Amino acid sequence: NLVEQSKRSAAFAAVDKHVGPTVRVLGVGSGSTVVYAAERLLELKRLNKLHPELLCVPTSFQSKQLIVDAGLRASDLDDLPELDPGSGSFASIDVTIDGADEVDAELNAIKGGGGAHLREKLVAAASRKLVLIADYRKDSEVLGDKWDKGVPVEVSPLAWSTIKRQLERMVPKSRVQGVSTADAAAAFEFNHPIAVLRQAVRKAGPVVTDNGNFILDVSMGKIYDPLAVEQLIKMVPGVIEVGIFSSMAAEAWFGNEDGSIACRY
Ligand code: DER
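Numbering (the UniProt record's numbering), first residue to last: 5 to 269.
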């Protein structure tokens, strides 16, 4: 169908552009779009177009399965040396290819629809370059405009209901140094965010992430200042990671409805 075809087009284009014989360490994201990236990696491997010693860094149990099923070698993030010792960068991964739930005009992204955003952000942060791949439904101007399931927030199960209450009291106009609240711009749309504990479908009770935590999906409408919101949420005690990736992606590849491919960078 159109959506799956557009995921596949974006995934193939991004892998072909970024994963060649010189890539030694590749971060592999999670979700359904990355499945097509793994399909392309398997093809390239068969064509001997990959580095013979290519190491792939997973971002979830699912991602690890994709790597193994593609006949590639998986490595843990903390087993890897830094690529450019002595430089400003601490990167240990050449490039990471990952999906997204929504990408705005400045390449900020909402991630975590698949519940993998903690390890995805760790791997992305350790990468020289993060490349997002998505179907046309994710191609947006402002976060929260197309993705209406809220911002995924991984939280400690110990205090999830307290954290829920705190997140629902977040104020759109947080006081900016020296600027009165009245003049501060709104960081997000809703006056009263709604935080919902993500329930599992094929298991009774809440979703438990690969890391043993819960997820609160926080609906706050349009997100005008992703970095401010990411910081605001991250400061709440017990929040482990926020599914807002502010200014982390270098490129985003979208499969369009008409079969064409667009790359935002
Ligand atoms: O959970 C995640 O972060 C995934 O990357 C998600 O954002 C994209 O999943 P999809 O490719 O199945 O839409």
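Beta carbons are placed, not taken as given, at the ideal position from N, Cα and C, and that holds for glycine. Since we're looking at a predicted model, the values are computed, not measured.
First and last residue of the beta strand (DSSP E) that includes Asp102? Ile97 to Asp102
What is the residue span of the beta strand (DSSP E) that Ala138 lies within? Ser131 to Asp139
Please work out which residues of its chain come closer than 7 Å, Cβ to Cβ, to Ile244, disregarding the five sequence neighbours upstream and downstream, and give them in chain order. Leu122, Glu158, Val159, Ser160 and Asn217
Which stretch, first to last residue, makes up the alpha helix (DSSP H) that contains Glu245? From DSSP, Glu245 is part of no alpha helix (DSSP H) but of the beta strand (DSSP E) over Val243 to Val246.
What residue does the alpha helix (DSSP H) around Pro230 start on, and which one ends it? Pro230 to Lys238
Of the residues Thr100, Asp20, Val107 and Ser13, which one's Cα is nearest the Cα of Gly247? Val107
Consult DSSP for Arg268 and reduce its assignment to one of helix, strand or coil. strand
Would you list, in sequence order, the uninterrupted beta strand (DSSP E) runs of no fewer than 3 residues that lie entirely inside the region 105-174? 131-139 and 155-159
Examine the ligand DER and report whether any of its heavy atoms sits within less than 7 Å of the Cβ of Ser36. yes
Between the Cα of Ala186 and the Cα atoms of Pro176, Phe249 and Glu193, which residue gives the shortest distance? Pro176
Excluding the five sequence neighbours on either side, which residues of its own chain have a C-beta within less than 6 Å of the C-beta of Ser67, listed in chain order? Val32 and Ser34
Quick check on DSSP: helix, strand or coil for Glu255? strand
In this structure, how does DSSP classify Arg28 when only helix, strand and coil are distinguished? coil
Please return the same chain residues whose Cβ sits closer than 8 Å to the Cβ of Tyr228, not counting the five positions on each side in sequence. Val146, Ala189, Ala190, Ala191, Phe192 and Glu193
Could you tell me whether any non-hydrogen atom of the ligand DER is closer than 7 Å to the CB of His121? yes
Going by DSSP in three states, Ser91 sits in which element: helix, strand or coil? coil
Quick one, which of Arg28, Cys60, Trp151 and Lys142 has its alpha-carbon nearest Trp87's? Residue identity check: residue 87 is Leu in the sequence provided, not Trp. For the residues Arg28, Cys60, Trp151 and Lys142, the minimum Cα distance to Leu87 belongs to Arg28.
Helix or strand or just coil, what does DSSP make of Ser223? strand
Proximity below 8 Å, CB of Val19 to CB of Leu45: yes
Does the Cβ of His196 have 16 or more other Cβ atoms within 10 Å, making it buried, or fewer, making it exposed? exposed
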